[in-house]
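Worksheet: the structure to be examined is printed underneath.
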Amino acid sequence: IGLRDPHGVRPLCLGKLADAYVLSSESCAFSSIGARFIRDIAPGEMVMINHDGIKTYQLPKVEAEAPCVFEYIYFARPDSTIDGINVHLSRKAMGCELAKQFTGKADVVMPVPDTGRSTAIGFAEASGIPFDIGLIKNTYIGRTFIQPQQNMRDLSVRIKLNPVEEVLRGKRVVIVDDTIVRGTTSGKIIHLLREAGAKEVHMCISAPPITHPCYYGIDTSVRKELIASAHSVEEIRSYIQADSLTFLTIEGLRRALKPKKDLCMACFNGVYPIPIPCGNNKYLLEEC
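Next up, the structure:
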């Protein structure tokens with residue numbers, strides 16, 4: 011049995027093996043098992059699979075569908091397609107929009123691996139600034155911002171990323187990342203780049219500032235821990251010690267994605283498609 015929530019906040023899709031159907035939250039899973047993508051499960055649709063085949067049922071429609079924009083920015087794999095939008099190509103488009111906003115000068119564009127890679131490619135193509143790899147990722151380390159404690163996040167950055175000094179030395183660097191949540195990881199990355207000899211470090215982020223917590227399954231912390239909830243872009247730039255800091259605007263994000271339906275952007279604008287109890291505790295619904 012598969013059921014997608016009525017607002018379509020989280021993705022779900024249907025695939026076909028030779029003699030079976032399969033369900034996955036991302037389409038990229040199908041190719042690894044030799045399955046073929048059939049379609050996305052609609053918001054509020056329930057799929058029942060048994061020996062007789064497949065049956066679908068539709069829950070009553072809600073007022074608005076609201077797929078999570080964070081899937082495209084960070085959470086999904088780049089080889090997935092969600093609701094008709096390819097993740098890799100959408101991130102490249104975000105990079106193109108970021109390049110239009112960037113007003114500085116640089117010698118090289120590089121990603122924070124891995125989610126920044128597609129965006130950095132798009133940035134380089136649109137800006138004409140050469141793309142290169144200046145940080146090498148240790149693939150055995152998990153995603154950093156999901157680490158629950160700050161000391162673990164700090165250690166993870168050091169273990170996870172190793173700078174390529176020959177690429178960085180004496181260069182004005184544009185470093186492209188997906189988000190700034192607390193700001194501490196970004197500061198550590200910029201420090202690594204400067205230690206490796208970067209002359210300037212300009213950070214470009216493929217999302218608007220995260221000002222509100224997510225209650226729908228993404229660990230974006232409580233509001234008081236979100237640096238953008240109480241600080242300006244200039245204050246964040248100073249805190250992470252970047253030479254410049256550019257966030258993609260909400261308008262630029264919409265242009266990049268060209269969505270056919272409204273998206274949930276509550277983490278950026280505080281407009282929650284599903285009513286949330288009062289308070290800014292991300293564990294509130296779990297405690298109810």
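So for the sequence shown, our numbering puts the first residue at 11; every next one is plus one.
Glycine residues also receive a C-beta, built at the ideal position from the N, C-alpha and C atoms.
- Residues of the same chain with a CB within less than 6 Å of the CB of V32, apart from the 5 flanking positions on each side, are G25, A45 in chain order.
- With fewer than 16 other beta carbons inside 10 angstroms of its own, Y67 counts as exposed.
- Sequence-distant Cβ neighbours of I286 in its own chain, meaning closer than 7 Å and more than five residues away, are Y225.
- C-alpha of A103 to C-alpha of V191: approximately 22 Å in a straight line.
- Contact between D124 and K181 is absent: CB atoms are separated by about 22 Å, not below the 8 Å threshold.
- For the segment 175-243, the continuous alpha helix (DSSP H) assignments of 4+ residues that do not extend past its boundaries occur at 175-178, 194-205, in sequence order.
- Judged by DSSP in its simplified three-state form, L24 adopts strand.
- Around the beta carbon of H17, a 10 Å sphere encloses 16 or more other beta carbons of the protein chains shown; the residue is thus reported as buried.
- Pairwise C-beta distances place the segment 130-140 in contact with the segment 91-111, as three or more of them are shorter than 8 Å.
- For the pair M120 and P283, the Cα-to-Cα distance works out to about 35 Å.
- Ranked by Cα distance from K170, the first of L22, V122, C78 is V122.
- Ranked by Cα distance from M275, the options T195, I199, H222 are led by H222.
- The shortest CA-to-CA distance from K147 to any of P140, G138, P173, I139 is the one to P173.
- Taking the Cα positions, D187 is about 8 Å away from T129.
- Distance from the CA of D89 to the CA of E244, rounded to the nearest whole angstrom, comes to 34 Å.
- In terms of Cβ geometry, M213 and I237 do not form a close pair [threshold 8 Å].
- Residues of the same chain with a CB within less than 7 Å of the CB of V211, apart from the 5 flanking positions on each side, are V183, I185, I200, L203, R204, A252, D253 in chain order.
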